[in-house]
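Participant: Mind looking over this structure? Questions follow.
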Amino acid sequence: MNIIFEVNGGVGKNIIATVILELLRKKYPNDKIIVISDAKDIFFNNPHLDILTDFEGRVDILDKYVHNNLDNCLILVKEVYNEPDYISSKGSIYEIWAKMYDLEYNGEKPKLYFSEEEKNTPVKLVNKKPILVIHPHGGALAKNEHIQLISYYTKPLYYNWSRDLPLILTKKLIEKYKDDYTIYYIKHSSQPQTFEGAIPAEFNLRGIISLLQQADKRILIDSFAQHMAAALELPSTVCWVTTNPDVLGYEIHENIKANPYELHTDMNCYSGYNLQEPLDNIPYTKTANIFNIKDL
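Count the sequence shown with the working numbering and you get residues 12 to 307, in order.
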């Protein structure tokens, strides 16, 4: 049987999907599993798949393995973010996604795989001190007034309060740690925000993996780096504003939740896969009140 497993979404979602792929392989040990993803680097060297392609190659895959073989294929294209249990935060995303495809989940964690070359030649970093990595901004972007993912970046979002670290907090963290650490901050090459006293980590995904592995301390948000750190078994500090660590987080991390809301607003966080909220909807009198820096 040919199993088509589509993962349509950002890098973090694809890291989560490595668990679903592992569960598929356990249930279907002798079948051909084809993964369609635009984050192919996440599935590099993964032993549980047979074919890996991006969405540009989707038509060819369907023509070759599906259209003339409908009685011998399984198409997995449902959106986990639309599941009622996800929207209502009833369980972890792993439990919900596994249940959606009738798979048995027993606490498996995401995994990343490496070539011998990667193991022997980590990315070269500029550091004379221990390394601190900060991931201040996630991947929600504005494109033609619609929300897109970072791989389709056209117009920068300086700050998405519902998931990002407040700018003032990021600057305070850098000031607090700059004497003791070489600080890298993860950003997409198109994101305009820069931070004095820290080095932009504009590596590709495999380079970010290497950076996290070499870091002595990691301060992250609910975005792909926290999933990546969990897959690498690297305990990190993860800051949560409107998203829920019980649904999207990991026990390996120190999960710091935002302070209680100060205001009632018309915000719509976190409805399905809504990744952005306008600043007008922030439920705090000022962004500095979202977190206590002493917790970090």
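Just so it is clear, CB atoms sit at the ideal spot from N, CA and C, and this is done for glycine as well.
1) Give the range of the beta strand (DSSP E) segment to which Arg229 is assigned.
2) Please confirm if the region 230–250 is in contact with the region 259–269, defined as three or more CB-CB distances below 8 Å between the two stretches.
3) For the beta strand (DSSP E) containing Pro211, list its first residue and its last residue.
4) Under three-state DSSP, which class holds Val91?
5) Report the rounded CA-to-CA distance for Lys276 versus Thr298, giving the unit in angstroms.
6) Starting from the Cα of Asn300, find the closest Cα among His199, Tyr188, Tyr272 and give me that residue.
7) On the DSSP bridge list, what partners appear for Lys43?
8) Determine the closest residue to Leu290 out of Pro141, Glu115, Trp172, with distance taken between C-alpha atoms.
9) Taking the Cβ atom as the reference point for each residue, do Ile15 and Tyr76 lie within a distance shorter than 9 Å?
10) Grouping DSSP H, G and I as helix and E and B as strand, with all else coil, what is Lys166?
11) I need the straight-line Cα distance from Leu81 to Gly68, nearest angstrom please.
12) Here's the rule: buried if 16 or more other CB atoms are within 10 angstroms of the residue's CB, otherwise exposed. What is Ile27?
13) Contact defined as beta carbons within less than 8 Å: I believe Thr254 pairs with Pro121. What is the distance between those atoms, to the nearest angstrom?
14) Quick check: the region 97–107 against the region 172–188, are there 3 or more CB pairs under 8 Å?
15) So for Lys140, helix, strand or coil by DSSP?
16) Using three-state DSSP, classify Tyr97 as helix, strand or coil.
17) Please work out which residues of its chain come closer than 8 Å, Cβ to Cβ, to Asp52, disregarding the five sequence neighbours upstream and downstream, and give them in chain order.
18) Using only the alpha-carbon positions, how far apart do Ala131 and Phe125 sit?
19) Which same chain residues end up closer than 6 Å to Pro141 when comparing Cβ atoms and leaving out the 5 residues on each side of it in sequence?
20) So, at 7 Å on beta carbons, what are the nonlocal neighbours of Leu259 in its own chain, with the 5 sequence-adjacent residues on each side left out?
Facilitator: Judging by the given coordinates:
1) Taken as a continuous stretch (DSSP letters only), the beta strand (DSSP E) holding Arg229 covers 228–232.
2) With the cut-off at 8 Å, the region 230–250 and the region 259–269 touch.
3) Counting along the chain, the beta strand (DSSP E) containing Pro211 begins and ends at 210–212.
4) Helix at Val91.
5) Per the sequence shown, the amino acid found at residue 276 is Thr instead of Lys. Taken atom to atom, the span from the alpha-carbon of Thr276 to that of Thr298 is near 14 Å.
6) Nearest C-alpha to Asn300: Tyr272.
7) Paired residue(s): Asn13.
8) Answer by Cα proximity: Trp172.
9) For Ile15 and Tyr76, yes; Cβs fall inside 9 Å.
10) Residue confidence is low: Lys166 scores 44 on pLDDT, short of 50, so the model does not pin down where it sits. No coordinate-derived value is stated.
11) For Leu81 and Gly68, the distance between alpha carbons rounds to 19 Å.
12) Result: buried.
13) With a beta-carbon spacing of about 17 Å, Thr254 and Pro121 fall beyond the 8 Å limit used to define contacts.
14) Cβ pair count under 8 Å is below three, so no.
15) DSSP places Lys140 outside both helix and strand once states are collapsed to three, so it counts as coil.
16) DSSP places Tyr97 in helix when its eight states are reduced to three.
17) Within the same chain, Asp52 has close Cβ partners Asn215, Leu216, Arg217.
18) According to the sequence provided, residue 131 is Asn. The question's Ala does not apply to it. Asn131 and Phe125: Cα-Cα distance of roughly 10 Å.
19) The beta carbon of Pro141 sits closer than 6 Å to the beta carbons of Tyr192, Asp227 from its chain, once the five residues preceding and following it are set aside; these are given in chain order.
20) Excluding positions up to five away in sequence, the list reads Ile104, Asp233.
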